[in-house]
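S.K.:
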Amino acid sequence: GGAANVALVYSSDSLTLDNDTAWQSLLGVEEILLRGQFLFDVVFTDDLSSLHKYDLAVVPNQRCLSADVCAQILDFVTAGGRALVTGDSGSHDEHLRLRRASPLACLRESRDAVWLDGCPEAVRPPAGPALRVPRPAGFDQVVQAVGSLLGDRRPIRVSAPEEVFVEGYRLPDGRRTFHFVNYANHRMVEGSTAMVSQPAPGATWHTPEEKTALEVPLTEGGRAVSLPDWQTYGVLVLAAGDAEGKRAGGT
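Residue 96 in my numbering is what sits at position 95 of the sequence shown, and the numbering runs on without skipping anything.
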């Protein structure tokens with residue numbers, strides 16, 4: 002299964018009735034989460050039953066939200082989740098009818114939510130045959146908000162250039178894998194590091210250039226690792242089990 006703990010909420014009604022506005026913010030937030038090396042899944046408002054699996058819901062200027070969708074987001078926060086909301090999310094109902102106030106407005110006063118006005122995440126990609134999403138002007142502001150809401154609940158923290166994107170999965174045997182892709186592969190990724198939230202007893206690093214896996218040492222109680230220099234793609238595999246248990250068993 003996936004290791005993502007951020008849910009990016011796609012409003013089907015906003016994309017249908019308010020496409021340009023909704024799409025600019027969704028594209029921008031996706032770019033920020035990717036460049037910020039946050040692990041996220043896309044969750045559509047057609048079915049928010051999986052929202053409880055995540056620590057943070059991001060609702061980026063999705064203006065057309067039904068009362069039921071707003072209630073599910075509020076219930077998620079009440080149950081212990083966090084929310085990042087931007088722009089005029091919920092300002093209209095699912096039929097594009099303007100409300101006096103968004104049902105989500107109470108989140109402005111919540112300690113478990115951040116509301117960013119002005120849509121700092123929004124982007125307008127240049128015209129052309131290929132979709133090229135620019136770096137959002139509010140990149141730092143959104144990264145800071147996401148980081149503060151997640152706190153120590155990030156599955157992995159990566160120190161690497163923004164062009165390095167990360168995805169995580171848990172294998173059926175309990176091992177955790179983190180896949181790294183360097184979208185600026187005209188240059189090597191040097192000196193990158195990772196810190197995982199849950200310790201592991203061992204780790205290996207896999208790249209297409211190496212025929213065999215490289216064992217990489219873990220420090221800080223099995224949570225930190227320095228990655229070998231790499232070019233385009235690599236996978237960090239964390240062994241299943243408890244780092245403390247391995248040390249106890251080996252003594």
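Cβ atoms here follow ideal geometry from the backbone N, Cα and C, with glycine treated the same way.
Give the straight-line distance between the Cα atoms of Ala-114 and Leu-108, rounded to the nearest whole angstrom.
M.R.: So the two alpha carbons sit approximately 6 angstroms from each other.
S.K.: Within the chosen definition, does the segment 71-82 reach the segment 192-200 through at least 3 CB pairs nearer than 8 angstroms?
M.R.: No contact exists between the segment 71-82 and the segment 192-200.
S.K.: I need the boundaries of the beta strand (DSSP E) containing Ser-227, first residue and last residue.
M.R.: 225-227 is the extent of the beta strand (DSSP E) around Ser-227.
S.K.: For the alpha helix (DSSP H) containing Asn-287, list its first residue and its last residue.
M.R.: With the chain represented from 2 up to 252, any question about residue 287 goes unanswered, as that position is not in the structure.
S.K.: Drop a sphere of 10 angstroms on the beta-carbon of His-187, count the other beta-carbons inside from all chains shown, and report buried for 16 or more, exposed for fewer.
M.R.: The residue in question, His-187, is exposed, as its Cβ has fewer than 16 Cβ neighbours within 10 Å.
S.K.: Nearest CA to the CA of Thr-240: which residue from Tyr-170, Phe-45 and Leu-16?
M.R.: Here residue 240 is Ala; the residue named in the question, Thr, does not match the sequence. When each option's Cα is compared against that of Ala-240, the closest is Tyr-170.
S.K.: Going by DSSP, which residues form a beta bridge with Gln-11?
M.R.: One point to set straight first is that residue 11 is Tyr, not Gln, in the sequence displayed. Phe-45.
S.K.: Between the alpha carbons of Ser-50 and Lys-212, how many angstroms are there, rounded?
M.R.: Whole-angstrom Cα-Cα distance: 42 angstroms.
S.K.: Please classify Cys-65: does DSSP put it in a helix, a strand, or coil?
M.R.: DSSP places Cys-65 in strand when its eight states are reduced to three.
S.K.: Provide the residue span of the alpha helix (DSSP H) that contains Ser-149, from first to last.
M.R.: Element bounds for Ser-149: 140-151.
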